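In order, the protein sequences belong to chains A and B. So the first sequence is residues 22 to 391, counted in our numbering. So the second sequence is residues 22 to 391, counted in our numbering.
There are 2 protein chains.
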Amino acid sequence: MIFSRLREERAKTSPMNKEKQDTRSENGPINLRQLSEVLRLSQTTISLVLNDSPAAKSIPAHTRERVFEAARKFQYRPNYFARSLRRSKSMSIGVLAPDLSEGYFTLVMQGVEEYLLRAHYFYFTASHYWQPDLMNDYPRLLVERAVDGFLLLNTPAAVESVLPTVAISAHNDTKGVTNVVLDHRMASELALEHLYQLGHRQIAFMKGPEIIPDTEYRWNGILQAAKKLKIEVKPELCIQLSADSWSPEVGYHPMKTLLERSRDFTAIFCFNDISAIGVIRAIHDAGLSVPEDISVIGFDDIISAAYQKPSLTTVRQPLRKMGSEGAQILLELIADPKKEQPTEIVMQPELIVRESTGQAPVALARPKRA
Amino acid sequence: MIFSRLREERAKTSPMNKEKQDTRSENGPINLRQLSEVLRLSQTTISLVLNDSPAAKSIPAHTRERVFEAARKFQYRPNYFARSLRRSKSMSIGVLAPDLSEGYFTLVMQGVEEYLLRAHYFYFTASHYWQPDLMNDYPRLLVERAVDGFLLLNTPAAVESVLPTVAISAHNDTKGVTNVVLDHRMASELALEHLYQLGHRQIAFMKGPEIIPDTEYRWNGILQAAKKLKIEVKPELCIQLSADSWSPEVGYHPMKTLLERSRDFTAIFCFNDISAIGVIRAIHDAGLSVPEDISVIGFDDIISAAYQKPSLTTVRQPLRKMGSEGAQILLELIADPKKEQPTEIVMQPELIVRESTGQAPVALARPKRA
DNA sequence: ACCCTCTAAAAAAACGGTTTATCGTTGCGT
DNA sequence: ACGCAACGATAAACCGTTTTTTTAGAGGGT
Numbered sequence: 022m023i024f025s026r027l028r029e030e031r032a033k034t035s036p037m038n039k040e041k042q043d044t045r046s047e048n049g050p051i052n053l054r055q056l057s058e059v060l061r062l063s064q065t066t067i068s069l070v071l072n073d074s075p076a077a078k079s080i081p082a083h084t085r086e087r088v089f090e091a092a093r094k095f096q097y098r099p100n101y102f103a104r105s106l107r108r109s110k111s112m113s114i115g116v117l118a119p120d121l122s123e124g125y126f127t128l129v130m131q132g133v134e135e136y137l138l139r140a141h142y143f144y145f146t147a148s149h150y151w152q153p154d155l156m157n158d159y160p161r162l163l164v165e166r167a168v169d170g171f172l173l174l175n176t177p178a179a180v181e182s183v184l185p186t187v188a189i190s191a192h193n194d195t196k197g198v199t200n201v202v203l204d205h206r207m208a209s210e211l212a213l214e215h216l217y218q219l220g221h222r223q224i225a226f227m228k229g230p231e232i233i234p235d236t237e238y239r240w241n242g243i244l245q246a247a248k249k250l251k252i253e254v255k256p257e258l259c260i261q262l263s264a265d266s267w268s269p270e271v272g273y274h275p276m277k278t279l280l281e282r283s284r285d286f287t288a289i290f291c292f293n294d295i296s297a298i299g300v301i302r303a304i305h306d307a308g309l310s311v312p313e314d315i316s317v318i319g320f321d322d323i324i325s326a327a328y329q330k331p332s333l334t335t336v337r338q339p340l341r342k343m344g345s346e347g348a349q350i351l352l353e354l355i356a357d358p359k360k361e362q363p364t365e366i367v368m369q370p371e372l373i374v375r376e377s378t379g380q381a382p383v384a385l386a387r388p389k390r391a
Numbered sequence: 022m023i024f025s026r027l028r029e030e031r032a033k034t035s036p037m038n039k040e041k042q043d044t045r046s047e048n049g050p051i052n053l054r055q056l057s058e059v060l061r062l063s064q065t066t067i068s069l070v071l072n073d074s075p076a077a078k079s080i081p082a083h084t085r086e087r088v089f090e091a092a093r094k095f096q097y098r099p100n101y102f103a104r105s106l107r108r109s110k111s112m113s114i115g116v117l118a119p120d121l122s123e124g125y126f127t128l129v130m131q132g133v134e135e136y137l138l139r140a141h142y143f144y145f146t147a148s149h150y151w152q153p154d155l156m157n158d159y160p161r162l163l164v165e166r167a168v169d170g171f172l173l174l175n176t177p178a179a180v181e182s183v184l185p186t187v188a189i190s191a192h193n194d195t196k197g198v199t200n201v202v203l204d205h206r207m208a209s210e211l212a213l214e215h216l217y218q219l220g221h222r223q224i225a226f227m228k229g230p231e232i233i234p235d236t237e238y239r240w241n242g243i244l245q246a247a248k249k250l251k252i253e254v255k256p257e258l259c260i261q262l263s264a265d266s267w268s269p270e271v272g273y274h275p276m277k278t279l280l281e282r283s284r285d286f287t288a289i290f291c292f293n294d295i296s297a298i299g300v301i302r303a304i305h306d307a308g309l310s311v312p313e314d315i316s317v318i319g320f321d322d323i324i325s326a327a328y329q330k331p332s333l334t335t336v337r338q339p340l341r342k343m344g345s346e347g348a349q350i351l352l353e354l355i356a357d358p359k360k361e362q363p364t365e366i367v368m369q370p371e372l373i374v375r376e377s378t379g380q381a382p383v384a385l386a387r388p389k390r391a
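So, in structure tokens, the structure goes:
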């Protein structure tokens, strides 16, 4: 009790005291202390009630009602920073991606957003454009921003993160990271079997940029599927992409070069739809037709794939679902970090047949098929 | 001094006291108190030095050096929440958009991101899909998250915001909001003059979804430009779009309907590139050619516009620049809210001529031109 | 009368910074 | 010898919550 007397003493001499007494009815949002003065209850009680804390079970319904009503009336909103400071939870996550690309990024993020916002989470986006310094800085900056977890799109984890992390299409070995990936073996089989059944034997392949994690897995998938079908993967019919950001241009140029070098193929399996669009243009520019002379098969099934001329036959990734699934796992991981999550979630691709693939021509290249 | 004695007394009996003394060298990030113990300086001093506060001028270079060195050595990072709580600044902004659409959104956001991240700002994205409840809730939720400002893409301001706000393509009347908009009058003139010079007189027009702010301004631009060129805007040749989200489908169906109704036109001016892609497909499906039978002109110049077959003639919006410009103004507004910013920044469009427009056919529709 | 449990609420500590007001020295002018 | 300013630094207030610890009182059992 000696303490409480002293506290009173101090309170009396505190310079801010007088103002404190009548900050009620000022403009600006009301805070917990002001609300407690109005209600003549302690901040504790109000906080317990509003947070529906288990400790609030001893508080009579009558008091609870009063609290709720006052909170509603004064539009009380707990201060985000104060709450986060205390709880050390930010209710936001960090999304790292190579870029804000057309097609791929937006589809995945639609799924992510759908799930996150429903769970009252917001997200920060940062694009690293494969620049080492940015790939290094952004995770650090986001940790400083106290994100509760990371979602990596197509991006390898730079550091062993302290935070819960889900990687989409990133094939991360890092311990504790859950990977959402496509079954690239199956994807390649779907594409190659489709071409095979159409009579294609001479097939050109496109290898994605080295830096993209999917590239390696896709390529292995292709090699395996080709072996199974006894299709030869000829080095001289292979295109190596080098992209820093995606545009059809990325496919156009290498395809043009390939066509100048060889026409000894009847189909090409592209790394994605964006590059396939560029490839088709290159084929047209060379005076050939798709699919009469060369069949083209894409990857991803971005929205506009169905509206190309010719519309794209493609291997669909369930991008939206990969996004929402990834978000869901991440939130579960955040809620209970000890929960064991699988290292890998494998999604199934789907072949979408449209106009850009057709029967292999009887004779190669130039002449139209009979 | 009686007070200080008491405080000591209290400190001695405080249960946490003993632990406090030796939290140094624990794992986890170091905080200001621990750093101050190491340096044998007050937290104040360290804070002043690290923030390069004007009050720190009285601190000798020697001490400053010590502080910097220790901060570096121990990798001290100020806690984001604690700092924000005190300063009531979050260094983040909220971005509101109808959806994460292909093409448009990503281009604008590339510009936004480029500018923001350089200035050490991060951003939250939220898509409202034109749902009234979401359009209402998100601004509120983001205010609770203490964003320092709003960036509205294509979105009217729901409430008179307390926060600095910049609207891109949203034509906001709300006081204090700076609008970044395109010169739609000029845009329409560029498109129509181009068609006029190619001999087109019977032109179909596409009116965007009512809900999109640009729609009204674009339409007025079209009416004015048409009047100037003495081109008649025939109601029976007008398509009204109704879109909740963008895909070429949005243009495909209405165009199909129009073609069934009338072929009494030689060109169409589309609301954007996405719908133009759908329009072209509808024209092809009707057995007609672009541009031989009908010329198509798009809007925006999204990345893939150049790679369509035929490639799109379109009115380019400097989307990326609109994004970075918007971000820049917003940050200036945040730094100094009293600073008078223009109500409107008007950007200039540019006509990009490609393959989807050509000379008007001599006879209408069916027969190819001589 | 005593101990114990339970209810209802409040006090105080904690989160980790920033900012304001204050304090002891020292040196200088008068 | 005294007042005053400059210096170098710090204690304490403050931001607004959540959570742990206390308290006061009522009721029950022995």
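Note that beta-carbon positions come from the ideal geometry of N, C-alpha and C, so glycine has one too. Source: prediction; values computed, not measured.
Quick check on the burial criterion: 16 or more other C-beta atoms within 10 angstroms. Buried or exposed for residue i?
i: residue 382/B; result: buried
i: residue 322/B; result: buried
i: residue 283/B; result: exposed
i: residue 63/A; result: exposed
i: residue 358/A; result: exposed
i: residue 42/B; result: Caution applies to residue 42/B, whose pLDDT of 41 falls short of 50 and renders its modelled position unreliable; the value that the coordinates give is listed next. Classification of residue 42/B: exposed, given that the 10 Å Cβ count is below 16.
i: residue 119/B; result: buried
i: residue 235/B; result: buried
i: residue 165/A; result: exposed
i: residue 320/B; result: buried
What's the gap between the Cα of residue i and the Cα of residue j?
i: residue 348/A; j: residue 313/A; result: 43 Å
i: residue 265/B; j: residue 152/B; result: 9 Å
i: residue 228/B; j: residue 299/B; result: 15 Å
i: residue 342/A; j: residue 200/A; result: 14 Å
i: residue 206/A; j: residue 147/B; result: 36 Å
i: residue 74/A; j: residue 117/B; result: 33 Å
i: residue 366/A; j: residue 350/A; result: 10 Å
i: residue 69/A; j: residue 77/A; result: 5 Å
i: residue 324/A; j: residue 339/A; result: 12 Å
i: residue 288/B; j: residue 156/B; result: 37 Å
i: residue 122/A; j: residue 175/A; result: 12 Å
i: residue 115/B; j: residue 271/A; result: 33 Å
i: residue 27/A; j: residue 53/A; result: Because the pLDDT at residue 27/A is just 28, under 50, the model does not fix this residue reliably, and the value given afterwards should be weighed accordingly. Going from the Cα of residue 27/A to the Cα of residue 53/A covers about 24 Å.
i: residue 14/A; j: residue 379/A; result: There is simply no residue 14/A to check, as chain A begins at 22 and stops at 391 in what is shown.
i: residue 242/B; j: residue 274/B; result: 25 Å
i: residue 309/A; j: residue 302/A; result: 10 Å
Does any CB atom of chain B fall closer than 8 Å to the CB of residue i?
i: residue 328/A; result: yes
i: residue 274/A; result: no
i: residue 127/A; result: yes
i: residue 315/A; result: no
i: residue 130/A; result: yes
Kindly indicate if chain A contains any beta-carbon less than 8 Å away from that of residue i.
i: residue 335/B; result: no
i: residue 376/B; result: no
i: residue 144/B; result: yes
i: residue 106/B; result: yes
i: residue 310/B; result: no
i: residue 150/B; result: no
i: residue 118/B; result: no
i: residue 55/B; result: no
i: residue 98/B; result: yes
Can you tell me which residues form a DSSP beta bridge with residue i?
i: residue 291/A; result: DSSP output for residue 291/A lists no bridge partner at all.
i: residue 321/A; result: 337/A
i: residue 143/B; result: 113/B
i: residue 171/B; result: 115/B, 186/B
i: residue 368/A; result: 203/A
i: residue 226/B; result: 259/B, 290/B
i: residue 316/A; result: 288/A
i: residue 148/B; result: 118/B
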